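Those letters in the sequence shown? Residues 1 to 354, per full-length UniProt numbering, in order.
First up is the structure itself, then whatever we jot down about it.
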Amino acid sequence: MTTVEKIKEIETEMARTQKNKATSYHLGQLKAKLAKLKRELLTPSSSGGGGAGVGFDVARTGVASVGFIGFPSVGKSTLMSKLTGTHSEAAAYEFTTLTTVPGVMQYRGAKIQVLDLPGIIQGAKDGKGRGRQVIAVARSCSLIFIVLDVSKPLTDKKLIENELEGFGIRCNKEPPNILFKKKDKGGLNITNTVPLTHLDYDEIRAVTSEYRISSADISFRCDATVDDLIDVLEGNRVYMPVVYVLNKIDAISVEELDLIYRIPNAVPISSNHEWNFDELLEKMWDALNLVRIYTKPHGKLPDYSAPVVLKRDACTVEDFCDAIHKQIKAQFRHAYVWGSSVRHNPQRGESFPR
Ligand SMILES: Nc1nc2c(ncn2[C@@H]2O[C@H](COP(=O)(O)OP(=O)(O)OP(=O)(O)O)[C@@H](O)[C@H]2O)c(=O)[nH]1
Ligand SMILES: [Mg+2]
1 MTTVEKIKEI ETEMARTQKN KATSYHLGQL KAKLAKLKRE LLTPSSSGGG
51 GAGVGFDVAR TGVASVGFIG FPSVGKSTLM SKLTGTHSEA AAYEFTTLTT
101 VPGVMQYRGA KIQVLDLPGI IQGAKDGKGR GRQVIAVARS CSLIFIVLDV
151 SKPLTDKKLI ENELEGFGIR CNKEPPNILF KKKDKGGLNI TNTVPLTHLD
201 YDEIRAVTSE YRISSADISF RCDATVDDLI DVLEGNRVYM PVVYVLNKID
251 AISVEELDLI YRIPNAVPIS SNHEWNFDEL LEKMWDALNL VRIYTKPHGK
301 LPDYSAPVVL KRDACTVEDF CDAIHKQIKA QFRHAYVWGS SVRHNPQRGE
351 SFPR
């Protein structure tokens with residue numbers, strides 16, 4: 001039996017099994033088995049056929065990157081061409097784009113790389129088409145735009161999410177707050193700081209035994225599901241911001257537009273007509289979580305024309321120096337920092353721990 005067939009078999013069995021006290025061990029075991037099989041699919045050596053991302057990845061530039069994921073002909077390339085001015089072939093037939101087309105966009109002083117990717121088909125995560133390589137590129141971006149055609153069924157959104165999920169990508173989700181420490185002996189020590197409403201002891205035991213873990217400290221600090229626990233044990237998940245780009249709104253009525261406006265993290269646009277790009281770019285900026293830092297000559301106003309742009313989780317004075325030039329640190333004495341996060345304006349930043 002191939003891995004894909006094994007996965008199908010487990011999925012049918014899970015669908016057949018009702019969730020209750022008596023079956024929770026069994027279901028936990030099935031879920032863990034499933035996660036392990038899916039991992040096997042993603043490891044190219046065991047499943048054959050092209051390494052993840054081979055031939056598709058491109059050199060990275062800019063402070064952040066946005067990857068476009070979607071079914072064929074939803075308008076990814078049209079959007080890319082309009083946003084960056086880089087031409088990416090767009091046409092009415094499917095699979096117009098066959099490889100990653102990189103472009104660069106300047107927004108609020110930041111250089112952001114945009115990657116137009118080939119359309120994926122359902123089953124991409126199982127090795128159908130070139131979808132695996134495409135999703136692998138998206139996985140390494142800072143942000144994913146899931147591009148959807150609003151004249152097609154909105155169930156497409158769920159289908160794409162499933163493809164990404166199957167690749168270990170978690171969309172707009174925080175990593176589960178579960179502390180896991182494997183030990184040599186002492187059995188399972190399970191604690192929780194909040195009530196666990198989705199998970200019982202049997203399920204936890206089923207999952208840990210499937211991963212051959214007999215002794216560990218597991219501390220739940222969130223109302224976790226069995227999938228969250230598996231994600232922690234698998235350990236290779238990426239938690240990515242995702243913006244749903246609902247394209248081709250020129251083809252629907254105002255009433256329909258009202259409905260789709262309620263989808264969270266979504267922006268309705270028309271690539272062809274460049275409608276609502278402002279909102280799209282603003283959402284993109286928020287999701288990228290970047291900070292702009294302006295330099296200020298002594299006794300003068302800051303130079304607001306050219307910020308140094310850094311990621312919010314890596315924007316210490318040290319990161320700032322490194323972003324300008326690696327040598328600056330050696331001669332650096334102190335910096336005065338103004339802004340909303342400093343203790344007092346300006347705050348004096350001394351040299352770095354070395
Ligand atoms: N009505 C309408 N059509 C659009 C819009 N944006 C793109 N299209 C059309 O949709 C078709 C597909 O556009 P592409 O940009 O090639 O789509 P893609 O997602 O890159 O397709 P693949 O590369 O094949 O995956 C083209 O005929 C575009 O003219 C839009 O805002 N409204
Ligand atoms: Mg295209």
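Glycine included, C-beta positions come from ideal geometry on N, C-alpha and C.
Being a predicted model, the structure only gives us computed values, none of them experimental.
#1: Since I believe residue 134 is in contact with residue 124 (beta carbons under 8 Å), could you give me their beta-carbon distance rounded to a whole number of angstroms?
#2: I'd like the list of long-range same chain contacts for residue 163, defined as Cβ closer than 6 Å, with 5 residues on each side in sequence excluded.
#3: Look up residue 160 in the DSSP assignment and say whether it is helix, strand or coil.
#4: For the beta strand (DSSP E) containing residue 93, name the first residue and the last one.
#5: Please identify the residue among 115, 72, 306, 98 whose C-alpha is closest to the C-alpha of residue 84.
#6: Does the distance between the C-beta of residue 84 and the nearest non-hydrogen atom of ligand 1 fall short of 7 Å?
#7: What three-state label does DSSP hand residue 105 in the structure shown?
#8: Could you tell me whether the stretch 235-251 touches the stretch 189-202, using the rule of 3 or more Cβ pairs below 8 Å?
#9: Ligand 4 and residue 56: does any heavy atom of the ligand fall closer than 7 Å to the residue's C-beta?
#10: Would you call residue 48 buried or exposed, if buried means 16 or more other Cβ atoms sit within 10 Å of its Cβ?
#11: Would DSSP call residue 9 helix, strand or coil?
#12: With DSSP as the reference, please indicate the residues paired to residue 270 in a beta bridge.
#13: Below 7 Å, is the gap between the Cβ of residue 250 and the nearest heavy atom of ligand 1?
#14: Which same chain residues end up closer than 6 Å to residue 178 when comparing Cβ atoms and leaving out the 5 residues on each side of it in sequence?
In short:
#1: Translated into the one-based positions of the sequence shown, residue 124 becomes position 124. Translated into the one-based positions of the sequence shown, residue 134 becomes position 134. Residue 124 to residue 134, Cβ: 7 Å. Contact.
#2: Here residue 163 corresponds to residue number 163 of the sequence shown, with the count starting at 1. Answer for residue 163: 124, 125, listed in chain order.
#3: Looking up residue 160 in the sequence shown gives position 160. In this structure, residue 160 counts as helix in the three-state DSSP scheme.
#4: What you label residue 93 is simply residue 93 of the sequence shown in a count that begins at 1. From DSSP, residue 93 is part of no beta strand (DSSP E); its letter is neither H nor E.
#5: Counting from 1 along the sequence shown, the entry for residue 84 is found at position 84. Comparing Cα positions, the closest option is 115.
#6: For the purposes of this step, residue 84 is taken as residue 84 along the sequence shown, with counting starting at 1. Every heavy atom of ligand 1 is 7 Å or more from the Cβ of residue 84, so no.
#7: What you label residue 105 is simply residue 105 of the sequence shown in a count that begins at 1. The answer is strand: DSSP assigns residue 105 an E or B state.
#8: Under the 8 Å Cβ criterion, the stretch 235-251 does not count as touching the stretch 189-202, having fewer than three qualifying pairs.
#9: What this structure holds is ligand 1 and ligand 2, not ligand 4.
#10: Taking the first residue of the sequence shown as 1, we reach residue 48 at position 48. Below a pLDDT of 50, predicted positions are generally treated as unreliable, and residue 48, at 43, falls in that range; no measurement from the model is reported.
#11: For the purposes of this step, residue 9 is identified with residue 9 of the sequence shown, where counting begins at 1. Helix.
#12: Reading the sequence shown from its first residue, position 270 is the one you call residue 270. Beta-bridge partners of residue 270 (DSSP): 275.
#13: Here residue 250 corresponds to residue number 250 of the sequence shown, with the count starting at 1. Indeed, a heavy atom of ligand 1 lies less than 7 Å from the Cβ.
#14: The residue given as residue 178 occupies position 178 in the sequence shown. 220, 224, 232, listed in sequence order.
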